[in-house]
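In my numbering, the protein residues as written are 4 to 133.
Cβ coordinates follow ideal geometry from the N, Cα and C atoms, glycine included.
Structure follows, in structure tokens:
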């Protein structure tokens, strides 16, 4: 997510892993929201959806990103897309990115690597132009 947000310039971050996050956030149609999370067993982590429950997109554009540990992300992107649309975001793009497995580090060791990052940056720049 950081790689994509750096392409778009000025940004603010909401870390859903923190239990002290606010209960909600209103976005506007002028916002571009980069919403990313890991795929756990091919699913969006339930706690992430719970913590985003009070977010309101109000037509904000969303770029959704799912990282996965080189197994498969199954329906994670679709599940996240359905959720953000339901919350009023306009999903304009989706990215799946291989990342080193969070428990079994021998899978996708060192990923995303420099080549992965170049590909992600190139895609983000295309999105920014559109």
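- For residue 77, the CB contacts under 6 Å within the same chain, skipping 5 residues up- and downstream, are 45 in chain order.
- The beta strand (DSSP E) runs of length 3 or more contained entirely in the segment 59 to 86 are, from start to end of the chain, 64 to 71.
- Beta-bridge analysis with DSSP links residue 101 to 71.
- When beta bridges are read from the DSSP output, residue 39 appears opposite 68.
- If you draw a straight line from the Cα of residue 111 to the Cα of residue 80, it comes to about 19 Å.
- Under DSSP, residue 54 forms no beta bridge with any residue.
- Where residue 119 is concerned, the enclosing alpha helix (DSSP H) starts and stops at 117 to 132.
- Under a 10 Å Cβ-count criterion, residue 72 is classified as buried, with 16 or more other Cβ atoms of the shown protein chains found around its own Cβ.
- Taken atom to atom, the span from the alpha-carbon of residue 118 to that of residue 124 is near 10 Å.
- Between the alpha carbons of residue 65 and residue 103 lies a gap of roughly 25 Å.
- In the three-state reduction of the DSSP assignment, residue 14 falls in the coil class, being assigned neither a helical nor a strand state.
- Contact annotation: residue 83 and residue 101 have beta-carbon atoms that are not nearer than 8 Å.
- Taking each of 19, 13, 14 in turn and checking the Cα distance to residue 53, the smallest one comes out for 19.
- By the Cβ-count criterion, residue 129 is exposed, with fewer than 16 other Cβ atoms from all chains shown falling within 10 Å of its own Cβ.
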